[in-house]
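This report refers to the structure that appears directly beneath it.
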Amino acid sequence: MKKILITGALGQIGSELVIKMRKIYGMNNVVATDIRMGDDIQLGPFEIVDVTDPAAIYDVAKKHNVDTFIHLAALLSATAEAKPLLAWNINMGGLVNALEVARELNCKFFTPSSIGAFGPSTPKINTPQNTIQRPTTMYGVNKVSGELLCDYYFNKFGVDTRGLRFPGLISYMTPPGGGTTDYSVEIFYEAIKNKAYTSYIDKGTYMDMMYMPDALNAIVDLMEADPTKLINRNAYNVTAMSFEPEQIASEIKQHIPEFKIAYKVDPVRQAIAESWPESIDPSAAKREWGFKATFDLPKMTEDMLSKLAVTC
Ligand code: VAH
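According to our numbering, numbering within the sequence shown proceeds without interruption in unit steps and concludes at 326.
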């Protein structure tokens with residue numbers, strides 16, 4: 015029976031992944047951990063863990079006898095750019111601590127990379143699985159380093175490491191925090207509440223995006239995949255759509271005709287967005303483990319607005 019430990023369990027991905035994995039593998043077989051106490055997530059095993067404390071991670075993983083380690087705890091791009099040294103300590107210190115525990119306890123291991131692992135010199139359209147990676151943000155440096163560190167732990171120590179380069183993730187259950195792509199979530203909440211949104215990302219700025227249900231399925235499918243088929247194991251490009259603010263606004267207007275978008279560009283997050291690809295190529299993920307996204311922009315917009323209309 016799988017016994018899974020998830021760090022960053024109160025974050026945008028973690029809070030939904032805990033629920034999904036508990037439905038699949040059993041309530042008591044998924045141990046949620048974060049730096050602070052959660053609330054309803056405590057329906058199952060929950061532990062406070064500071065990922066920069068290697069003993070804390072080891073003790074919890076040993077106590078619960080986990081065999082699968084999902085490491086999500088990290089600072090996202092905008093926060094990392096504001097606090098680069100803290101980001102290095104958490105994103106890299108936490109990752110190496112988690113990898114060491116996975117090595118010592120022989121755990122299968124997952125951690126996400128990001129389209130942030132690419133930089134201005136990366137081909138922007140249909141970005142290949144293997145290409146130039148010279149990111150200009152601390153978050154990007156963390157993600158490229160993380161990909162290479164996970165490759166190292168696989169090649170040197172035989173740790174079964176796996177990872178995905180996520181695009182911006184959109185969810186109605188947990189608001190994002192500190193990301194550059196957060197506008198694509200905020201716009202839905204504001205559309206419901208105020209029928210208007212002021213975007214900090216400029217019109218015409220394309221970024222890859224994916225609806226959270228597709229992201230969660232991708233994690234489960236990759237972790238269940240046949241390891242002999244995994245060539246790019248730690249950094250699969252995955253995406254469902256690429257859009258710019260005017261396009262998501264136009265889709266929302268199909269449901270809320272009076273919705274209005276305005277712009278007050280944040281130069282820091284705009285510069286980060288412009289350093290990333292416009293659209294990445296997910297063909298390696300499709301070929302090696304059958305990646306498939308099911309939500310495009312119209313289908314996601316309809317689902318987001320209908321779900322938020324109930325919760326907001
Ligand atoms: C961020 N949501 O904006 C994250 C993600 C591709 C973007 O890594 O930092």
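A virtual CB, placed ideally from N, CA and C, is assigned to each residue, including glycine.
| message | Could you tell me the alpha carbon to alpha carbon distance between E95 and V155, rounded to whole angstroms? | response | 11 Å
| Does the beta-carbon distance from I294 to D222 come in below 8 Å? | yes
| query | Can we say the region 131-143 touches the region 97-109, given the rule of at least three CB pairs closer than 8 Å? | reply | no
| request: Measure the beta-carbon distance from P181 to I129 and round it to whole angstroms, keeping in mind my assumption that it falls under 8 Å. | output: 5 Å
| task | Taking G154 as part of the alpha helix (DSSP H), name the residues at either end of that continuous run. | result | M152 to F171
| field | heavy atom of the ligand VAH below 7 Å from T195 C-beta | value | yes
| request: Return helix, strand or coil for L90, following the three-state DSSP convention. | output: coil
| task | Could you tell me if V80 is buried or exposed, where buried requires 16 or more neighbouring beta carbons within 10 angstroms of its beta carbon? | result | buried
| query | Alpha carbon to alpha carbon, how far is A298 from A131? | reply | 17 Å
| task | May I ask you to list the residues that DSSP assigns as paired with S128? | result | F180
| request: Could you tell me which uninterrupted alpha helix (DSSP H) segments, each at least 4 residues in length, are contained entirely in the region 232-312, listed from first to last along the chain? | output: 259-267, 281-289 and 297-303
| query | What separation, rounded to the nearest whole angstrom, lies between the Cα atoms of C121 and A88? | reply | 20 Å
| Do I146 and S159 have their C-beta atoms within less than 8 Å of each other? | no
| How about F398 and T66: do their beta carbons lie closer than 8 Å? | Any question about residue 398 goes unanswered here, given that the chain covers just 15 to 326.
| Which residues in the same chain as N42 place their Cβ atom closer than 7 Å to its Cβ, once the five residues preceding and following it in sequence are excluded? | G58 and P59
| field | L178 beta carbon less than 8 Å from that of V252 | value | yes
| field | Any non-hydrogen atom of the ligand VAH closer than 7 Å to F180 Cβ | value | yes
| said: Taking 7 Å as the cut-off, is the C-beta of G28 nearer than that to any heavy atom in the ligand VAH? | reply: no
| request: Compute the minimum distance between the beta carbon of Y203 and the heavy atoms of the ligand VAH, and state whether it is under 7 Å. | output: no
| message | Going by DSSP, what residue range makes up the beta strand (DSSP E) through V65? | response | Counting along the chain, V65 falls outside any beta strand (DSSP E), and DSSP gives it neither H nor E.
| said: From the DSSP secondary-structure annotation, give me the bridge partner or partners of I18. | reply: V44 and T82
| request: Have a look at T315 and Y214 and give me their C-alpha separation to the nearest angstrom. | output: 20 Å
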